[in-house]
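Engineer: Residue numbers for the sequence shown follow this note's numbering, beginning at 567 and rising by one.
Glycine included, each C-beta is placed from N, C-alpha and C at the ideal position.
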Amino acid sequence: MKNIHMKTKLKVKQQKYVSAVGRRKTATAKVRLFSGKGEILVNGKPIGDYFSGEVAKIAYLKPFQLTDTLGKYYATIKTKGSGKEGQLEAVIHGLARALDKENSKLYHSALKKSKLLTRDPRAKERRKVGLAGKARKKKQSPKR
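In structure tokens, the structure reads:
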């Protein structure tokens, strides 16, 4: 007897979404915002599992709470680069930008006031030649 493998195609329901990109340090988060009920997925995992802790939960729900849209939208997010904290801030930036794209008239002022639409430009300063290891650390000078 031979085993016959049949290829089955899954039907994926096409839905309209709003896409946005959020960034922080070297982290990038590509956000797809869908209207309706559902859970937010980050790199295929629920957001609560990916960013654990109560402080993180308050942070990533902030764009939805400010715009009073908690439970009205869900998202799929692909994030890479930096560490967990940088990725979390990139996700928040991306969600805020996506909500702003969705309905700028309603959400823009609330998101702008809380500075969620502003890209934080701070990043690690590059190391300079002739210094001791770090960006601004000086070499020890001999006293005698």
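Quick one, are the C-beta atoms of Arg692 and His659 less than 8 Å apart?
Structural biologist: His659 sits away from Arg692, with the two beta carbons spaced by 8 Å or more.
Engineer: Verify whether the separation of the beta carbon atoms of Glu668 and Leu599 is less than 8 Å.
Structural biologist: yes
Engineer: For Tyr639, which of Gly604, Ala662 and Arg589 has the nearest alpha-carbon?
Structural biologist: Gly604
Engineer: Look at the alpha carbon of Val584 and the alpha carbon of Lys700, and state the distance between them as a whole number of angstroms.
Structural biologist: 41 Å
Engineer: Could you compute how far the alpha carbon of Lys591 sits from the alpha carbon of Gln653?
Structural biologist: 9 Å
Engineer: Taking just the CA atoms, how far does Leu677 sit from Arg688?
Structural biologist: Taking C-alpha positions only, Arg688 is separated from Leu677 by approximately 20 Å.
Engineer: Thinking Leu665 and Ile643 are a contact (beta carbons under 8 Å), I'd like their distance in whole angstroms, please.
Structural biologist: Leu665 to Ile643, Cβ: 13 Å. No contact.
Engineer: Measuring only the C-alpha atoms, how far is Ser670 from Lys646?
Structural biologist: Taken atom to atom, the span from the alpha-carbon of Ser670 to that of Lys646 is near 27 Å.
Engineer: Please report the Cβ distance between Leu682 and Ala662, rounded to the nearest whole angstrom; I am assuming they are in contact, meaning their Cβ atoms lie under 8 Å.
Structural biologist: 4 Å
Engineer: Which ranges would you report for the beta strand (DSSP E) in the stretch 573 to 618 if only whole runs of at least 3 residues count?
Structural biologist: List check, beta strand (DSSP E) in window: 584 to 590 and 593 to 601.
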